[in-house]
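Here's the structure we're looking at; comments come further down.
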Amino acid sequence: MSDAVRTAIRTCPLCEAGCGLELTLDDDQVTRIRGDRDDVFSHGYICPKGSTLRQLHEDPDRLRAPLVRRDGELVEVSWDEAFAEVERRFAAFTEQHGREALGVYVGNPNAHNLSALLYLKPLLKSLGTRNVFSASTVDQRPKELSASWMFGGGLSIPVPDVDRTHLLVILGANPYASNGSLATAPDWPGRIEAMRERGGRLVVVDPRRSRTAEEADLHLAIRPGTDAFLLAALVSTLAAEGRIAPGAAGEFAQGLDTVLELLAPFTPEAVASTVGIDAAEIRQLAVDLSDAPSAAVYGRMGTTTAEFGTIASWLVDVLNLVTGNLDRPGGAMFAKAAAGAANTRGASRTGRGLRVGRHGSRVRGLAETMGELPAACLAEEIDTPGEGQIRGMVTAAGNPVLSTPNGDRLDAAMAGLDLYVAVDIYVNETTRHADVILPPPSSLSKGHYDLALLQVALRNVANYSPPVLPLPPGEPDEWEILARLALIAQGMGAAADPSIVDDLVVNALVQSAVGDEHGPVAGRDADEILAELAPRTGPERLLDLLLRTGPYGDGFGSRTEDVAPGVAPLTLDRLLDHPHGIDLGPLQPRLPDVLRTPSGMIELDAEPILADLPRLHAALDRAVPDAVLVGRRDLRSNNSWMHNLEVLVKGRPRCTLHVHPDDAARWGLADGASARVTGRVGSVEVPVEVTDAVRSGVVSLPHGWGHDLPGVRLEVAGRHAGVNSNVLSDEVLVDVPSGNAVLNGIPVAVAPA
Ligand code: SF4
12 MSDAVRTAIR
22 TCPLCEAGCG
32 LELTLDDDQV
42 TRIRGDRDDV
52 FSHGYICPKG
62 STLRQLHEDP
72 DRLRAPLVRR
82 DGELVEVSWD
92 EAFAEVERRF
102 AAFTEQHGRE
112 ALGVYVGNPN
122 AHNLSALLYL
132 KPLLKSLGTR
142 NVFSASTVDQ
152 RPKELSASWM
162 FGGGLSIPVP
172 DVDRTHLLVI
182 LGANPYASNG
192 SLATAPDWPG
202 RIEAMRERGG
212 RLVVVDPRRS
222 RTAEEADLHL
232 AIRPGTDAFL
242 LAALVSTLAA
252 EGRIAPGAAG
262 EFAQGLDTVL
272 ELLAPFTPEA
282 VASTVGIDAA
292 EIRQLAVDLS
302 DAPSAAVYGR
312 MGTTTAEFGT
322 IASWLVDVLN
332 LVTGNLDRPG
342 GAMFAKAAAG
352 AANTRGASRT
362 GRGLRVGRHG
372 SRVRGLAETM
382 GELPAACLAE
392 EIDTPGEGQI
402 RGMVTAAGNP
412 VLSTPNGDRL
422 DAAMAGLDLY
432 VAVDIYVNET
442 TRHADVILPP
452 PSSLSKGHYD
462 LALLQVALRN
472 VANYSPPVLP
482 LPPGEPDEWE
492 ILARLALIAQ
502 GMGAAADPSI
512 VDDLVVNALV
522 QSAVGDEHGP
532 VAGRDADEIL
542 AELAPRTGPE
552 RLLDLLLRTG
562 PYGDGFGSRT
572 EDVAPGVAPL
582 TLDRLLDHPH
592 GIDLGPLQPR
602 LPDVLRTPSG
612 MIELDAEPIL
622 ADLPRLHAAL
632 DRAVPDAVLV
642 GRRDLRSNNS
652 WMHNLEVLVK
662 GRPRCTLHVH
672 PDDAARWGLA
682 DGASARVTGR
692 VGSVEVPVEV
702 TDAVRSGVVS
712 LPHGWGHDLP
722 GVRLEVAGRH
732 AGVNSNVLSD
742 EVLVDVPSGN
752 AVLNGIPVAV
762 APA
């Protein structure tokens, strides 16, 4: 062992669980990664992905230098050449087509990326297009909308207090594989097991007997896409039996009577055949929720990437409210994040209200939500000629060919673009079409603070990880890449100093902080605050500002008392002094202060949601397709981008079609044989795994696979290619209020290949 052996502590940036990692390094070589036993949140837990930061760092296919297309080939160039190429191409493009012909797609990893969370916004603003798309509309947009309309903030999402609850009801989520989502916590399995050890019960509602369902005391194998009916029936049952008991939260809720009246027709008997669950079981679950000393209902992908995603997301919170579980320990509670949360800034109980549909998509007229258009309409916006057609794209850490509906159509559309600039570490199925690829540094050379997802954490914690390794000489930091792109888009040229953007961002945030009359630096001199942030620059300066003006911050000297038992006010320096994180305690009731709605109340009767209920009603007792497709998660997989790590893909193939034995018999499919799965928009051939883990009439295929396209530079993934499930997902199927893609419950036909 050399003298240069050292240990570094950092938070895993790969998913929102945010586990603490302990890295051993010999010089700059990572020799071991294990869970950080002293981490205040994860206590040593990691999943198999966490230890692959080393393989990811060393992956020969990870881009270390920019690529530019020359004579049809992507070739390595210097950073200056790459930015000059972007400037040249961007100028020619806007001259010819204008900025509205530009589209942007922002992928999921940005949600865990400090630089992206802070500097993508100025880039988007500089690009000056309304054609903004992101992974949010193939994921959680319904929940963001329902939370905005009910509570006044897209991340004001109540999370299940798993550590204290007596009854946890999970719909459409598999935290044993995905470790929780929009409910940030390491070691969901351990938390669930601890709950059961103290006498708590787990109920899982899922068309598949997932790994989580295997652990459940009760598994209800619901028909895909029908969670909204089940949730409506649970509320309606509670109302009919006189069990509506909102408790303290009810004092701040408006519109409950209206909601109960509208949901009354959804009795267990009325929905039973639609959801495929006996009315008696639905009634019993309602009673159990009502009788439990505390209970938390939690819905995720299966509920949001479905036809009635917004209604289902809303009903989860309605159900938590009417059982008295909203905002109480053991129920569904709001986190109080240390930095970046809109629900800790400004005046409480007031807000502008969320408006959607301020503009619509050109081809289909799908409504804008939260400044974005639905990803389900990206392909048609590119390949449909006419005024406003998207002719150029910028993507950031995204692979929409594998992640959004009708992947084949989008793939063909991307091939025909006049300009495509990608910020990405790989030449993947989408970026293979790029003219320029700008790779951000290895995650080991980036600082990490989960600004977004700590807003939905199951415990209030704060932890910052500085970079473990220095940036290689000449390589820009990620924020600098985004800032330089912004400057090019603003016409300031490829050589402009990225600190111009950095200074603009920090100035805007400081002005906002001193202008917040309810904040800790209200009325203070902005220059004085800026001076206190010096000499830091970049993301660390912004994070320090957000922490210090946050609910536990030192307020630049205005707060001196402890902000949690034994915890002095926060600054970035203080976080750096606590590499294992700072525990700010279990979630505390936050009503009514958390509310930012126009009425100052929980708006249960939000008009856009109620307006969608007739659509739900009309879908009762519809004919059931012969087979529908659902997705599934695997502990060793993370959407589309980690299949190039041998350690995660070796062993039995994971991209298989799960088929129930009865269906296999009637379709003539044998275990291990190939099936052809055909939907309205596409067809794939995939190996079959016969298993009674899926209910009859349902087939399951994981997403993020299909790596065998020409030009992709993912050697390992190419050997474990699998098929792209989104070749089957139909861009026409969306949840109406949100435009979110329907990825669960897609009608398909299955036959031997
Ligand atoms: S669950 Fe795995 S991937 Fe997610 S943060 Fe923890 S170690 Fe990383």
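When we follow the working numbering, the leftmost residue of the sequence shown carries the number 12, and every step to the right adds one. Think of the CB as a built atom: it goes at the ideal place given N, C-alpha and C, for glycine as much as any other residue.
| DSSP puts His-4 in a beta bridge; with which residues? | With the chain running from 12 to 764 in the structure shown, residue 4 is simply not present.
| query | Applying the criterion that 16 or more other CB atoms from any shown protein chain within 10 Å of the CB defines a buried residue, is Gln-107 buried or exposed? | reply | Gln-107 should be labelled exposed.
| said: I want to know whether the region 582 to 596 touches the region 158 to 165 - three or more CB-CB distances under 8 Å. | reply: no
| field | Inter-residue Cα distance where the pair is Asp-223 and Asp-645 | value | Sequence check: residue 223 is Thr here, not Asp. Rounded to whole angstroms, the gap between the alpha carbons of Thr-223 and Asp-645 is 12 Å.
| query | At which residue ranges does the region 96 to 152 contain complete alpha helix (DSSP H) runs of 4 or more residues, listed in the order of the chain? | reply | 125 to 138
| message | I'd like to check one pair, Ala-244 with Arg-706: are the Cβ atoms closer than 7 Å? | response | no
| field | N- and C-terminal bounds of the alpha helix (DSSP H) containing Tyr-187 | value | Bounds of the alpha helix (DSSP H) holding Tyr-187 are 186 to 189.
| task | Alpha carbon to alpha carbon, how far is Leu-296 from Arg-254? Give it in angstroms, no decimals. | result | 13 Å
| query | Count the other CB atoms within 10 Å of the CB of Arg-369; is the residue buried (16 or more) or exposed (fewer)? | reply | exposed
| query | Distance, Cα to Cα, Ala-445 vs Asp-673? | reply | One Cα belongs to Ala-445, the other to Asp-673, and the distance between them is close to 45 Å.
| field | Residues passing the C-beta test against the ligand MG heavy atoms, cut-off 6 Å | value | Among the ligands modelled here, namely the ligand SF4, the ligand MG does not occur.
| Anyone know if the C-beta pair for Val-216 and Val-329 falls short of 7 Å? | no
| message | Which same chain residues end up closer than 6 Å to Ser-464 when comparing Cβ atoms and leaving out the 5 residues on each side of it in sequence? | response | The amino acid at residue 464 is misidentified as Ser; the sequence shows Leu. Taken in chain order, the residues that qualify are Glu-27 and Thr-195.
| request: Pick out whichever of Pro-546, His-591, Glu-539 and Gly-549 has its Cα sitting closest to the Cα of Gly-774. | output: Residue 774 lies beyond the range of the chain shown here (12 to 764); nothing can be said about it.
| message | Taking contact to mean 3 or more Cβ pairs, one atom from each stretch, closer than 8 Å, check whether the region 279 to 293 and the region 257 to 271 are in contact. | response | no
| query | Counting pairs of beta carbons, one from the region 428 to 438 and one from the region 398 to 408, are three or more of them closer than 8 Å? | reply | yes
| task | Figure out for me which residue from Gly-485, His-177, Pro-698 and Asp-394 has the closest Cα to the Cα of Pro-340. | result | His-177
| task | Return the CA-CA distance between Val-776 and Leu-668, expressed in angstroms with no decimal places. | result | This structure cannot settle anything about residue 776, because the visible part of the chain is limited to 12 through 764.
| request: Answer yes if the region 500 to 507 comes into contact with the region 53 to 61, meaning at least three C-beta pairs across the two stretches below 8 Å, and no otherwise. | output: no
| field | Host beta strand (DSSP E) of Asn-471 (start-end) | value | 470 to 473
| query | What does DSSP give as the partner residues of Ala-762 in its beta bridges? | reply | Ala-762 pairs with Arg-687.
| query | Can you tell me the Cα-Cα spacing of Asp-536 and Pro-171, whole angstroms? | reply | 41 Å
| request: Could you tell me which residues DSSP puts in a beta bridge with Thr-406? | output: Tyr-116 and Ala-433
| query | Using the rule of at least 16 other Cβ atoms within 10 Å of the residue's Cβ for burial, across every protein chain shown, is Lys-347 buried or exposed? | reply | buried
| task | Alpha carbon to alpha carbon, how far is Ala-386 from Ala-415? Give it in angstroms, no decimals. | result | Reading the sequence as shown, one finds Thr at residue 415 and not Ala. The C-alpha of Thr-415 lies about 6 Å from the C-alpha of Ala-386.
| said: Would Leu-520 and Leu-493 qualify as a contact pair, given that the criterion is a beta-carbon distance under 7 Å? | reply: no
| request: Following the continuous alpha helix (DSSP H) through Val-743, name the residue where it begins and the one where it ends. | output: Where Val-743 is concerned, there is no enclosing alpha helix (DSSP H), given that its DSSP letter is neither H nor E.
| said: By the three-class DSSP mapping on this structure, what secondary structure does Asp-422 have? | reply: helix
| request: Measure the alpha-carbon distance for Gly-795 versus Glu-391 and round it to whole angstroms. | output: Coverage of the chain is limited to positions 12 through 764, which leaves residue 795 absent and any answer about it impossible.
| field | Runs of alpha helix (DSSP H) wholly within the region 569 to 594 (minimum 4 residues, chain order) | value | Within the region 569 to 594, the complete alpha helix (DSSP H) runs of at least 4 residues are 583 to 588.
| message | For a minimum of 3 consecutive residues, which ranges assigned as the beta strand (DSSP E) are wholly contained in the region 592 to 652? | response | 593 to 597 and 639 to 641
| request: Could you tell me the distance, in whole angstroms, from the CA atom of Lys-457 to the CA atom of Asp-299? | output: 47 Å
| field | Test item: CB-CB of His-459 and Asp-49 under 7 Å | value | no
| If you count every other CB in all the chains shown that lies within 10 Å of the CB of Asp-632, and 16 or more means buried, which is it? | exposed
| query | I think Thr-148 touches Arg-110, with their Cβ atoms under 8 Å apart; what is that distance to the nearest whole Å? | reply | Not confirmed; about 21 Å, so no contact.
| said: Using only CA atoms, which one of Val-79, Leu-621 and Ser-372 lies nearest to Gly-114? | reply: Ser-372
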